[in-house]
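Residue 532 is where the sequence shown starts when you use this note's numbering, and the numbers rise one by one after that. Encoded as structure tokens, the structure appears first; notes follow it.
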Amino acid sequence: MSAADANAGAPQRIVVAITGATGAIYGVHVLRALNAIAGVETHLVVSDAGVLSLHQELDMSRKHVEALAHHTYNVRDIGAALASGSFQSAGMIVAPCSMKTLASIAHGLSDNLIARAADVVLKERRRLVLLVRETPLNLAHLRNMTAVTEMGGIIFPPLPAFYHRPQSIEEMVDHTVGRVLDLFALPHQLAPRWNGMKD
Numbered sequence: 532m533s534a535a536d537a538n539a540g541a542p543q544r545i546v547v548a549i550t551g552a553t554g555a556i557y558g559v560h561v562l563r564a565l566n567a568i569a570g571v572e573t574h575l576v577v578s579d580a581g582v583l584s585l586h587q588e589l590d591m592s593r594k595h596v597e598a599l600a601h602h603t604y605n606v607r608d609i610g611a612a613l614a615s616g617s618f619q620s621a622g623m624i625v626a627p628c629s630m631k632t633l634a635s636i637a638h639g640l641s642d643n644l645i646a647r648a649a650d651v652v653l654k655e656r657r658r659l660v661l662l663v664r665e666t667p668l669n670l671a672h673l674r675n676m677t678a679v680t681e682m683g684g685i686i687f688p689p690l691p692a693f694y695h696r697p698q699s700i701e702e703m704v705d706h707t708v709g710r711v712l713d714l715f716a717l718p719h720q721l722a723p724r725w726n727g728m729k730d
């Protein structure tokens, strides 16, 4: 039996990280969207600052957000399965991604499980998507984004679109989440697709 045959029918693993940048709602909506897709298995890591943002912005505790994932890990557990290239996954989404986490990934520091898991995804040539949140940007931020892009990562600032005339914050968030899922070729109906200008 080939390796491909052995993996047939196995769930598609996606690592999700939530860090301390504002925009915890993106991470929560990513998890909910992935849960709605058959055959996808989520592996979640939340930073300590991410827990604070979840509480401040959404009144959610660590326990509440971890209940949305199939598997959860302590951000300090550098020996977790996610820290090894032998852990097979489709890639990783950091939503939102703080400038601290971006810098750690850009410089290969692997100083916690989020940064190490991202490093693994990059070295194994898998998809890494960072929903970076900061404005305005200084030169260090821009250089770190360039470094991650040069390593094969995707910098995806969660900027709202308005051509579909969103009626709520949730619609704006889901439009971004849908675009992120597109990068993993995952099916969704989170937002209407652009079909050209109206007459």
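A virtual CB, placed ideally from N, CA and C, is assigned to each residue, including glycine.
| Asked | Found |
| --- | --- |
| DSSP state of G622 mapped onto helix, strand, coil | strand |
| Identified DSSP bridge partners for R674 | According to DSSP, R674 bridges with nothing at all. |
| C-alpha distance - A552 paired with A541, whole-angstrom precision | 33 Å |
| Length of the line joining the Cα atoms of V547 and A600 | 9 Å |
| I549 in three-state terms, based on DSSP | strand |
| Three-pair Cβ contact test at 8 Å for the segment 641 to 661 versus the segment 690 to 698 | no |
| Identity of the residue in N605, G727 and G570 nearest A648 by Cα | N605 |
| Proximal residues to E572 (C-beta, below 6 Å), its chain only, five neighbours per side dropped | P542, R544 and H601 |
| Terminal residues of the alpha helix (DSSP H) in which T666 lies | Looking at the DSSP string, T666 is not in any alpha helix (DSSP H), and its letter there is neither H nor E. |
| Coil, strand or helix - Q543 by DSSP | strand |
| Sub-7 Å separation of T677 and S629 beta-carbons | no |
| I568 - DSSP class collapsed to helix/strand/coil | coil |
| Own chain, CB closer than 7 Å to V582, minus 5 neighbours either side, in chain order | R593 |
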